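In this note's numbering, the protein residues as written are 83 to 174.
C-beta atoms are modelled at their ideal positions from N, C-alpha and C, and glycine is treated no differently.
Model, not experiment: these values are computed from the prediction.
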């Protein structure tokens, strides 16, 4: 089964996003990568882990994060959806 590693993604403003990193079995070389998150206010706990696992099983490293203000990620106010900020965080 694909390994799931808990990681924190530090952003330039000091906020840390909580994420899971999925690596294919026997990953011993540089890998293509995919970064993903649930839409708007969903979290990585809302039914998308299986998608990340399937992509990883196909040979990709996959980083699945919670948006700031949601899930295990830092940020206030909690549950505030700011699509522009989410895109900026993704780029970070």
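- Assigned with DSSP and collapsed to three states, residue 140 falls in coil, not helix or strand.
- Separation of the CB atoms of residue 146 and residue 126 is rounded to 5 Å, and the pair is thereby assigned contact status at 8 Å.
- The region 126-138 and the region 160-171 do not touch, with fewer than 3 CB-CB distances between them shorter than 8 Å.
- Around residue 93, the same chain offers 99, 150, 171, 174 as residues with beta carbons nearer than 8 Å, after the five sequence neighbours per side are excluded.
- Straight across, the Cα-Cα distance linking residue 110 with residue 142 is about 12 Å.
- Taking each of 88, 121, 129 in turn and checking the Cα distance to residue 168, the smallest one comes out for 121.
- For residue 170, the three-state secondary structure derived from DSSP is helix.
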